[in-house]
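In what follows, a single structure is set out as structure tokens and then discussed.
There are 2 protein chains.
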Amino acid sequence: MSAKAPTVYDVAEHAGVSIATVSRVLRRPGDVREATRERVLASVRTLGYVPSASARGLAARRTGVVGLFFPDFDAMRETTSFVPDRSGSVPVVADPPREDGSPGSDLLYFDEVLRGAEIEAWRNGFVLLVGVGRGSDSESIVSDIAGRVDGLAVLAGSVPDEMLEHIARRIPVVLIAGPRRDDEFDHVSVDNRAGMRALVEHVFAVREADGMLYIRGNIETPDDIERFEGFQDAIAAHPAETRPGVSVVAAEFSRDRARDVATSLVASGHIPDAIVCANDQMALGVLDALQAHGVAVPGRVLVAGFDGIDAGRHSAPRLTTVRQPMEDLGRAAVHVLSRRLGDPSQPPVTLRLPVRVLVRESTSP
Amino acid sequence: MSAKAPTVYDVAEHAGVSIATVSRVLRRPGDVREATRERVLASVRTLGYVPSASARGLAARRTGVVGLFFPDFDAMRETTSFVPDRSGSVPVVADPPREDGSPGSDLLYFDEVLRGAEIEAWRNGFVLLVGVGRGSDSESIVSDIAGRVDGLAVLAGSVPDEMLEHIARRIPVVLIAGPRRDDEFDHVSVDNRAGMRALVEHVFAVREADGMLYIRGNIETPDDIERFEGFQDAIAAHPAETRPGVSVVAAEFSRDRARDVATSLVASGHIPDAIVCANDQMALGVLDALQAHGVAVPGRVLVAGFDGIDAGRHSAPRLTTVRQPMEDLGRAAVHVLSRRLGDPSQPPVTLRLPVRVLVRESTSP
DNA sequence: AGGCGGGATGTATGCGCATACAGTGGAGGA
DNA sequence: TCCTCCACTGTATGCGCATACATCCCGCCT
Numbered sequence: 001m002s003a004k005a006p007t008v009y010d011v012a013e014h015a016g017v018s019i020a021t022v023s024r025v026l027r028r029p030g031d032v033r034e035a036t037r038e039r040v041l042a043s044v045r046t047l048g049y050v051p052s053a054s055a056r057g058l059a060a061r062r063t064g065v066v067g068l069f070f071p072d073f074d075a076m077r078e079t080t081s082f083v084p085d086r087s088g089s090v091p092v093v094a095d096p097p098r099e100d101g102s103p104g105s106d107l108l109y110f111d112e113v114l115r116g117a118e119i120e121a122w123r124n125g126f127v128l129l130v131g132v133g134r135g136s137d138s139e140s141i142v143s144d145i146a147g148r149v150d151g152l153a154v155l156a157g158s159v160p161d162e163m164l165e166h167i168a169r170r171i172p173v174v175l176i177a178g179p180r181r182d183d184e185f186d187h188v189s190v191d192n193r194a195g196m197r198a199l200v201e202h203v204f205a206v207r208e209a210d211g212m213l214y215i216r217g218n219i220e221t222p223d224d225i226e227r228f229e230g231f232q233d234a235i236a237a238h239p240a241e242t243r244p245g246v247s248v249v250a251a252e253f254s255r256d257r258a259r260d261v262a263t264s265l266v267a268s269g270h271i272p273d274a275i276v277c278a279n280d281q282m283a284l285g286v287l288d289a290l291q292a293h294g295v296a297v298p299g300r301v302l303v304a305g306f307d308g309i310d311a312g313r314h315s316a317p318r319l320t321t322v323r324q325p326m327e328d329l330g331r332a333a334v335h336v337l338s339r340r341l342g343d344p345s346q347p348p349v350t351l352r353l354p355v356r357v358l359v360r361e362s363t364s365p
Numbered sequence: 001m002s003a004k005a006p007t008v009y010d011v012a013e014h015a016g017v018s019i020a021t022v023s024r025v026l027r028r029p030g031d032v033r034e035a036t037r038e039r040v041l042a043s044v045r046t047l048g049y050v051p052s053a054s055a056r057g058l059a060a061r062r063t064g065v066v067g068l069f070f071p072d073f074d075a076m077r078e079t080t081s082f083v084p085d086r087s088g089s090v091p092v093v094a095d096p097p098r099e100d101g102s103p104g105s106d107l108l109y110f111d112e113v114l115r116g117a118e119i120e121a122w123r124n125g126f127v128l129l130v131g132v133g134r135g136s137d138s139e140s141i142v143s144d145i146a147g148r149v150d151g152l153a154v155l156a157g158s159v160p161d162e163m164l165e166h167i168a169r170r171i172p173v174v175l176i177a178g179p180r181r182d183d184e185f186d187h188v189s190v191d192n193r194a195g196m197r198a199l200v201e202h203v204f205a206v207r208e209a210d211g212m213l214y215i216r217g218n219i220e221t222p223d224d225i226e227r228f229e230g231f232q233d234a235i236a237a238h239p240a241e242t243r244p245g246v247s248v249v250a251a252e253f254s255r256d257r258a259r260d261v262a263t264s265l266v267a268s269g270h271i272p273d274a275i276v277c278a279n280d281q282m283a284l285g286v287l288d289a290l291q292a293h294g295v296a297v298p299g300r301v302l303v304a305g306f307d308g309i310d311a312g313r314h315s316a317p318r319l320t321t322v323r324q325p326m327e328d329l330g331r332a333a334v335h336v337l338s339r340r341l342g343d344p345s346q347p348p349v350t351l352r353l354p355v356r357v358l359v360r361e362s363t364s365p
């Protein structure tokens, strides 16, 4: 690293032109005569000139960056200070099979959204700035990020409304995965309701379930509410004469909690013919319990989840689920941002992405 | 979005102070009397003021951003333009088990590095800027990113050396996962050599393999070279009187290619007692072939890979491997950057992260 | 009462670039 | 030959903020 980074002035002097010409060579090369352009580019190379995005952003009033903000996930809170661990010996450790879900599977959710956002940003000529909330500092972080981008995508619920409105005065904001409310923001989300309805109808189609258990998640969350509505839709649409008995419990989206529910169900002897869960983790917990007690899936009970997490592809039996297009969520968010940046006046947009029911062995006939 | 975002001047006027005071309230609140501070903060809230990072970055000569640059991965090249697909019907599709690795598994590699980088950036008070190369435009993109960050982490090999040196004149650069060469950059990488040596020694410890096959990857890459050296180390360290016969082939890190290799091996009748592969994908290909021909693993042949990809935890038998700490790579990269930003004069650092041999059923005694 | 020190605030400047506007020179037309 | 027009380049300014330095206002000491 040299003492001081070269600026337009240095390049201009070196090339014997004015700074305006240097700037033009970089921004609108067609406006400069070829000979001059070459001379300037040569100087750029010689001096190792890299334009300052801060100065450019200030002068041009746009940064070319879009932001993506997540709430802090568990993995971050746990992390200790990073101590570079000089290598030397290589530990050889047994790695027994784990039955419980790998930790931080919700983290994969973010990964996919992020990947989608990155892809779409890339295609639209933006770079992506990733921010993660840290608990109470969240507000200042969001604000910080908001100051450095042309548009911001935020996971719904991770930032207080007041702050969002604050930010929206400056740049466009798009909310990811929340329900549309009466606000001015753009929204992208998945069709939880239709997805769950289709899932439940699929279960009915496979077998005329005599009794069905629906396991909700955290009943406070929009996702859970929408999925539950989808469940109710399916029940309501079912011909009355064969409508099965249904019962509903909640298990906080937790595999352990769902496992407990299923275990006590088996103990009570009242085993339903089908168990549909508001997410995959809970469905896996149900599988755990049923398997532990020798209850056949799908032979005796059909089981289905929601999300399409990877673990569901590796369970035994593999889990029927509703696959959320996480990556598309990220893409859609940036897509919408990008469009709004092009035309700030358009009315708020809501994009509801389609989901797919993935039929696997846990609901085989 | 209002017509115009408020600036320090607006806030200053609204609060009846000078812009210097506004700036101080935000940057060094202790320097301002409490009453004044409160008044300014109130104005900030009412006006919806968000500081411009561009202006701040320009004035303060630092941005508070660190960059992470990846080469473009396949998933990106394939992507078509994003067309928002309005939802409606929910397709119900069968999702049969796939035996081949899920596409884009190398993409997961990036995800993990990225996650680590994000975590560490977060802990050091930076935000993370993610950039992805697009083939030939790579150079301009890297340069673009370099202009907006205080430091840059780059996947080794994804950017021409000349460009790196160009950038390094302006900001610190750390290379991820490459071998240390005679350069001025900081490096972080994993201990491929020691890892492979430990893996091979583990295989010897499990069973006195009479013949061992080592399947290399793409022999041009540093990773492959280092791992092969580790393999040779293990062989050389083996007592001469019981040193097994070894053979070596290359299969381009490809599952398919490795499957072919193993298949023809079985056909030839010369089946070694152990097969060690330079990555997991190839090891999985070997498992495919052996299983297809009824050759027992680990009963007849021991198989091991390198990387610790997820698919190796779900194969049958599960795959013994060397787990690379991808996430730590990302963390280490940002850690090193952060340290150098604090003390630019320190000599180039090389961090070689330790790996772990994960012993699973594919090398059970 | 005058002077002094220091905390609180204001003034002025520059960070590096984009760009509106003003030159400059040469080709072509009258 | 002189004027016009166009292509190209230079000059001057402002983007929004941080900060060195100047000022001001008090309380307090002598």
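So the sequence lines, in the order shown, correspond to chains A and B. The opening position of the first sequence corresponds to residue 1 in full-length UniProt numbering, with each subsequent residue numbered one higher. The opening position of the second sequence corresponds to residue 1 in full-length UniProt numbering, with each subsequent residue numbered one higher. For each residue, glycine too, the CB sits at the ideal point set by N, CA and C.
{"Item": "Do you know how far the Cα of residue 360/A is from the Cα of residue 204/A?", "Value": "15 Å"}
{"Item": "Leaving out the 5 sequence neighbours to the left and right, which residues in its chain are closer than 8 Å to residue 24/B when beta-carbon positions are compared?", "Value": "31 and 32"}
{"Item": "Got a sec: is the Cβ-Cβ distance from residue 238/A to anything in chain B below 8 Å?", "Value": "no"}
{"Item": "Does the stretch 221-241 of chain B come close enough to the stretch 265-274 of chain B that 3 or more CB-CB pairs lie under 8 Å?", "Value": "no"}
{"Item": "When you compare only the Cα positions, how much space is there between residue 256/B and residue 285/B?", "Value": "6 Å"}
{"Item": "Could you tell me the boundaries of the alpha helix (DSSP H) in which residue 422/B lies?", "Value": "With chain B covering 1 to 365 only, the question about residue 422/B has no answer from this structure."}
{"Item": "Can you have a look at residue 138/A and say buried or exposed, based on whether 16 or more other CB atoms are within 10 angstroms of its CB?", "Value": "buried"}
{"Item": "Using a cut-off of 7 Å between C-beta atoms, extract the partners of residue 118/A located in chain B.", "Value": "130 and 132"}
{"Item": "Smallest Cα separation from residue 318/A: which of 200/A, 40/A, 363/A and 162/A?", "Value": "363/A"}
{"Item": "Mind the definition here: the stretch 178-194 of chain A touches the stretch 213-232 of chain A only if three or more C-beta pairs lie below 8 Å; say whether that holds.", "Value": "yes"}
{"Item": "Smallest Cα separation from residue 247/B: which of 212/B, 19/B and 231/B?", "Value": "212/B"}
{"Item": "List the residues of chain A that residue 358/B touches, going by C-beta distances under 9 Å, in chain order.", "Value": "92, 93, 94 and 95"}
{"Item": "In terms of alpha-carbon separation, which member of 187/A, 295/A and 199/A lies closest to residue 348/A?", "Value": "187/A"}
{"Item": "Buried or exposed: residue 353/B, going by 16 or more other Cβ atoms within 10 Å of its Cβ?", "Value": "buried"}
{"Item": "Where residue 95/A and residue 365/A are concerned, what is the direct C-alpha to C-alpha distance, given to the nearest angstrom?", "Value": "35 Å"}
{"Item": "Could you say which of 56/B, 171/B and 132/B lies nearest to residue 159/B if we only look at CA atoms?", "Value": "132/B"}
{"Item": "Between residue 178/A and chain B, is any beta-carbon pair separated by less than 8 Å?", "Value": "no"}
{"Item": "For a contact meaning CB atoms closer than 7 Å, what does residue 161/A contact in chain B?", "Value": "Ordered by position in chain B, no residue passes the 7 Å Cβ test against residue 161/A, which lies about 13 Å from the chain."}
{"Item": "Could you check what DSSP says for residue 53/B in three-state terms: helix, strand or coil?", "Value": "helix"}
{"Item": "Considering Cα atoms alone, identify which of 324/A, 259/A and 11/A is closest to residue 250/A.", "Value": "259/A"}
{"Item": "Can you list the residues of chain B that residue 53/A reaches, using a CB-CB cut of under 7 Å?", "Value": "147 and 148"}
{"Item": "Please state whether DSSP places residue 366/B in a helix, a strand or coil.", "Value": "Since the displayed chain B opens at 1 and closes at 365, residue 366/B lies outside it and no answer follows."}
{"Item": "Would a check of beta-carbon distances place residue 58/A closer than 8 Å to chain B?", "Value": "yes"}
{"Item": "To which residues of the same chain is residue 274/B closer than 6 Å at the C-beta, ignoring the five residues directly before and after it?", "Value": "203, 209, 212 and 302"}
{"Item": "With distance defined between alpha-carbon atoms, name the residue in 29/B, 324/B and 293/B nearest to residue 278/B.", "Value": "324/B"}
{"Item": "When the Cα atoms are used, what is the spatial distance from residue 287/B to residue 330/B?", "Value": "31 Å"}
{"Item": "Just verifying my parser: in three-state terms, what is the DSSP assignment at residue 104/A?", "Value": "Its pLDDT being 42, under 50, residue 104/A is placed unreliably in this model, and the value from its coordinates should be taken loosely. Coil at residue 104/A, not helix or strand."}
{"Item": "Quick check on the burial criterion: 16 or more other C-beta atoms within 10 angstroms. Buried or exposed for residue 109/A?", "Value": "buried"}
{"Item": "In chain B, which residues lie less than 7 Å from residue 298/A when you measure between Cβ atoms?", "Value": "Simply none; closest approach about 14 Å."}
{"Item": "I want to see whether chain B comes within less than 8 Å of residue 143/A, judged by CB atoms only; does it?", "Value": "yes"}
{"Item": "Can you tell which of 69/A, 20/A and 11/A has the C-alpha that lies nearest to the C-alpha of residue 42/A?", "Value": "11/A"}
{"Item": "Taking C-beta pairs closer than 7 Å, name the residues in chain B that residue 167/A reaches, listed in chain order.", "Value": "50"}
{"Item": "Kindly list, in the order they appear in chain A, the residues whose Cβ is closer than 7 Å to that of residue 314/B.", "Value": "314"}
{"Item": "Looking at the secondary structure, which residues open and close the beta strand (DSSP E) in which residue 131/A lies?", "Value": "127-132"}
{"Item": "Below 8 Å on C-beta distance, what does residue 363/B contact in chain A?", "Value": "Residues of chain A passing the Cβ test: none, with the nearest at roughly 10 Å."}
{"Item": "Helix or strand or just coil, what does DSSP make of residue 40/A?", "Value": "helix"}
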